[in-house]
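Residue numbers (our numbering): 43 to 210.
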């Protein structure tokens, strides 16, 4: 199963691709999509959308996972983050991908074991879990963390379905 993790941001959106093979996670690629701060908001959102569409077309993931928007003190920043997230979600949705959505605290707890982990801790644990990775930025590491979180939760959901007699 090929998973695409997404860490949306208006300026920088991180992405990471990994494969799940039985209980193993295998790093495939990671990177970032940026938008030009000199452009209008619609043009920036279009840049993010096109960038993620290109990633999806190139790596052909089976599913995607995205970090949920956190609400901070500045409502304008939160709104812009939500709009960037919408552009990224639209790319995944138009590609027909099933998308898992995870709270930032759950992503951190799933990867590091603590919901208040710093970016450096996340990057360090992602490198431990994906030793072949060549992580290009903190945003890409965060995106890989979202994919790892999805892999763990997806696997547990599948096991629960099997135990309950469902088909997965």
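From the three backbone atoms N, C-alpha and C, an ideal C-beta is built for every residue, glycine too.
Source: prediction; values computed, not measured.
CB contact flag (residue i, residue j, <8 Å)
{"i": "residue 67", "j": "residue 193", "result": "yes"}
{"i": "residue 75", "j": "residue 94", "result": "yes"}
{"i": "residue 51", "j": "residue 123", "result": "yes"}
{"i": "residue 190", "j": "residue 168", "result": "yes"}
{"i": "residue 187", "j": "residue 47", "result": "yes"}
{"i": "residue 164", "j": "residue 150", "result": "yes"}
Contact belief for residue i with residue j at Cβ below 8 Å, rounded distance in angstroms
{"i": "residue 185", "j": "residue 49", "result": "4 Å"}
{"i": "residue 72", "j": "residue 178", "result": "6 Å"}
Nearest residue (CA-CA) to residue i, options the options
{"i": "residue 142", "options": "126, 129, 110", "result": "110"}
{"i": "residue 96", "options": "125, 136, 115", "result": "136"}
{"i": "residue 125", "options": "156, 138, 53", "result": "53"}
{"i": "residue 92", "options": "159, 55, 196, 180", "result": "55"}
{"i": "residue 100", "options": "44, 144, 168, 195", "result": "44"}
{"i": "residue 112", "options": "165, 146, 89, 187", "result": "146"}
{"i": "residue 86", "options": "176, 127, 180, 58", "result": "127"}
{"i": "residue 108", "options": "166, 119, 58, 162", "result": "58"}
{"i": "residue 162", "options": "176, 181, 148", "result": "181"}
{"i": "residue 41", "options": "148, 176, 158, 118", "result": "The requested residue 41 is not part of the displayed model; the chain covers only 43 to 210."}
What are the start and end residues of each continuous beta strand (DSSP E) run of 3 or more residues lying completely inside the stretch 167-196, in chain order? none
Segment contact flag, the stretch 101-112 with the stretch 79-88, C-beta cutoff 8 Å, min 3 pairs: no
Is it the case that the stretch 126-139 contacts the stretch 169-176, given that we only count it when at least three CB pairs across the two stretches are under 8 Å? no
Quick one: which unbroken beta strand (DSSP E) runs of 3-plus residues sit fully inside the stretch 50-111? Chain order, please. 54-63, 66-76, 105-109
Contiguous beta strand (DSSP E) assignments of at least 3 residues, all confined to the stretch 109-139: none
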